[in-house]
Structure formats: C-alpha cells, structure tokens
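Residue numbers (this note's numbering), protein chains in the order written: chain Z, 1 to 124; chain A, 1001 to 1111.
Right, dumping it as structure tokens:
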C-alpha cells in the first residue's frame, strides 16, 4: 500500500524558511517522479513543483515559487523534500506531496497518490 | 490562478447522472495534452479518479467516467450517491507555463 506522510509545516513569519519532508513507503521510491501540490484555505488546488525519478535530473516549478522553493529527494531515505525560502503570506496553504503517475514525457504525468498534507501558515 | 475552467457547482438527485466540463486553451487541452480528474472529499487529500482522459485507476467505481473529444473534456457521474458529494478538479499540462494546471473546481451536491 502506498503511503505518503508529510511533515515540517507550521507557523512562520514572512521572509522566513521551512523545509517540508515527505516519507514514502509501499513502492519503489526511486523509480517514480514525485511532486508537491498546495491548497490555500478555501481555495482550489495549485501545482508547486515536480522532480523526476532516479537522481531527479529534472526539477520544475510553478512561476509563483520559482527561485524561492527547491525540491529534492533522498532515495536512500525514501524521502521527498521541499525547501521553502522567502515565504510570503500567499504561500499559506496545505501542502500535499504526490507520487506521480505516467511514463515518457513529464507533460503527461498525473498526481496518482497524495499524502494527507501539512499546513504552512505564513503570518506575522 | 487556474487556467482550466469548470462550473462552480452541479447538483443532482440520488441515482441521477451529472457531468462536469473542463475548458482550457490552445496551450493545454487544445494542444492535445491529456486530462486527469480528482475527487476531494471535505477535509481530505485529493484522490485520483480518472487519468489519461478516460482511464479509471483500480478501486474507482465505474460510475465515474471521463471523456475527451477535441477540446471538449468532461467527467460524468452516473447513479449519483450521497458519498459523491465532494469537490472535483481537472488537471492537465500547459506548454506556455511549462507546468501542470488544475481546473477551478466543481462542487457536486446530492439533493
């Protein structure tokens, strides 16, 4: 059974940093692309970032977070990370990590499984 | 901001059929990128319902079906049940944004 467990969320001041972690189990972690999706309170889903499988040769970001957030993975620990710097109030959201589905070009990927999420609140 | 447009809400009585449309543009659905659908029950994580326009993952009831014809994309729920009350989102890829895009979301209400 696929299990994804996010951690690291919390309250942070504007301009601050947080690192989210996602512990994965139940599948061969290194063989899959992984991603992050967020949802602001009462709002819809927004894609944040994706890292391809293996060594994570491709990393892509939404325009709203590019240059501030960094996605990475440690296949030896079956863990996905999201380093978030220069946080803004508009980054306040539930952050979900996701095991991606699909093969071939990443343009065809989908979010096959999502964890239960971790809440990030950016406020002074 | 979402670049895929969905109706804010749809409703139906138990047992009825409802459909949810997802409208994009020439840089996403119109460019031929596949569409995927998710269900989000209140207070829970999104759950994959349909991938690659019309395929159901294991465990998803066959009451849920997806279709794509040209630039027209929709999700249908037949035999509507109370447990289907949730938010539904479409998702695709956008070449202009070089990333994934979600629909605005549709709340399904069972009357």
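Quick reminder that beta carbons are idealized off the backbone N, C-alpha and C, glycines included. If you're wondering where the values come from, they're calculated on a predicted model, not measured in any experiment.
Can the beta-carbon of residue i be found less than 8 Å from the beta-carbon of residue j?
i	j	result
residue 83 of chain Z	residue 92 of chain Z	no
residue 1015 of chain A	residue 1075 of chain A	no
residue 31 of chain Z	residue 1 of chain Z	no
residue 1103 of chain A	residue 1071 of chain A	no
residue 1066 of chain A	residue 1087 of chain A	no
residue 68 of chain Z	residue 53 of chain Z	no
residue 109 of chain Z	residue 33 of chain Z	yes
residue 15 of chain Z	residue 80 of chain Z	no
residue 111 of chain Z	residue 78 of chain Z	no
residue 73 of chain Z	residue 56 of chain Z	yes
residue 1085 of chain A	residue 1108 of chain A	yes
residue 1040 of chain A	residue 1049 of chain A	no
Between residue i and the ligand GTP, is there a pair consisting of the residue's CB and a ligand heavy atom that are separated by less than 7 Å?
i	result
residue 96 of chain Z	The ligand content of the structure shown is nil, which means the ligand GTP is not present either.
Within its chain, find whatever has a CB closer than 8 Å to the CB of residue i; leave out the 5 residues flanking it on each side and keep chain order.
i	result
residue 1100 of chain A	1091, 1092, 1093, 1094
residue 1029 of chain A	1004, 1022, 1023, 1035, 1068, 1071, 1073, 1092
residue 49 of chain Z	35, 36, 59, 60, 61, 62, 65, 69, 71, 82
residue 1043 of chain A	none
residue 1110 of chain A	1011, 1012, 1013, 1014, 1080, 1081, 1082, 1084, 1085
residue 98 of chain Z	4, 34, 35, 36, 37, 111, 112, 113, 114, 115
residue 1018 of chain A	1010, 1011, 1012, 1076, 1077, 1080, 1108
residue 19 of chain Z	8, 81, 82, 83, 84
Within its chain, find whatever has a CB closer than 6 Å to the CB of residue i; leave out the 5 residues flanking it on each side and keep chain order.
i	result
residue 1058 of chain A	none
residue 1027 of chain A	1094, 1095, 1096
residue 38 of chain Z	46, 48, 93, 95
residue 51 of chain Z	34, 59, 71, 73
residue 9 of chain Z	118, 119, 120
residue 1089 of chain A	1038, 1102, 1103, 1105
Give me the Cβ distance between residue i and residue j, rounded to the nearest whole Å; I'm assuming they're in contact under 8 Å.
i	j	result
residue 120 of chain Z	residue 89 of chain Z	Not really, about 11 Å apart at Cβ, beyond 8 Å.
residue 7 of chain Z	residue 21 of chain Z	5 Å
residue 1045 of chain A	residue 13 of chain Z	That belief does not hold up - the Cβ atoms of residue 1045 of chain A and residue 13 of chain Z are roughly 27 Å apart, past 8 Å.
residue 1056 of chain A	residue 1078 of chain A	Contact doesn't hold; Cβ gap of about 13 Å is too wide.
With 8 Å set as the bound, which would you pick, yes or no: does the beta-carbon of residue i sit closer than that to a beta-carbon of chain B?
i	result
residue 1041 of chain A	Reference to chain B is not applicable here, since the protein chains of this structure are Z and A.
Sorted by chain position, which residues of the same chain lie with C-beta nearer than 7 Å to residue i's C-beta, five sequence neighbours on each side aside?
i	result
residue 11 of chain Z	121, 123
residue 23 of chain Z	5, 78, 79
residue 1051 of chain A	1036, 1057
residue 75 of chain Z	29, 30
residue 106 of chain Z	33, 50, 52, 58
Cβ pair count under 8 Å reaching 3, the segment 1083-1098 of chain A against the segment 1027-1036 of chain A: Cβ pair count under 8 Å is three or more, so yes.
The segment 1084-1095 of chain A: which residues have C-beta closer than 7 Å to a C-beta of chain Z, in chain order? Close to chain Z, meaning a Cβ-Cβ distance shorter than 7 Å, are the following residues of the segment 1084-1095 of chain A: 1089, 1091, 1093.
Could you please tell me which residues of the segment 1044-1076 of chain A, in chain order, have their CB closer than 8 Å to any CB of chain Z? 1044, 1045, 1046, 1047, 1048, 1051, 1052, 1057
May I ask you to list, following chain order, the residues of the segment 104-116 of chain Z that have a beta carbon less than 7 Å from some beta carbon of chain A? 107, 108, 110, 111, 112, 114, 115, 116
Between the segment 39-47 of chain Z and the segment 1007-1014 of chain A, can you find at least three pairs of beta-carbon atoms closer than 8 Å? no
Cβ-based contacts, 8 Å cut-off: residues of the segment 47-61 of chain Z near chain A: 47, 50, 60, 61
Short of 8 Å Cβ to Cβ, which residues in the segment 1097-1108 of chain A face chain Z? For the segment 1097-1108 of chain A, which is checked against every Cβ of chain Z, the residues closer than 8 Å are 1097, 1098, 1099, 1100, 1101, 1102, 1103, 1104, 1105.
What are the residues in the segment 91-105 of chain Z lying within 8 Å of chain A by C-beta distance? 96, 101, 102
Which residues of the segment 62-80 of chain Z have a Cβ closer than 8 Å to any Cβ of chain A? Give them in chain order. 62, 63
If contact means a Cβ-Cβ distance below 9 Å, which residues of the segment 27-45 of chain Z contact chain A? 35, 37, 39, 43, 44, 45
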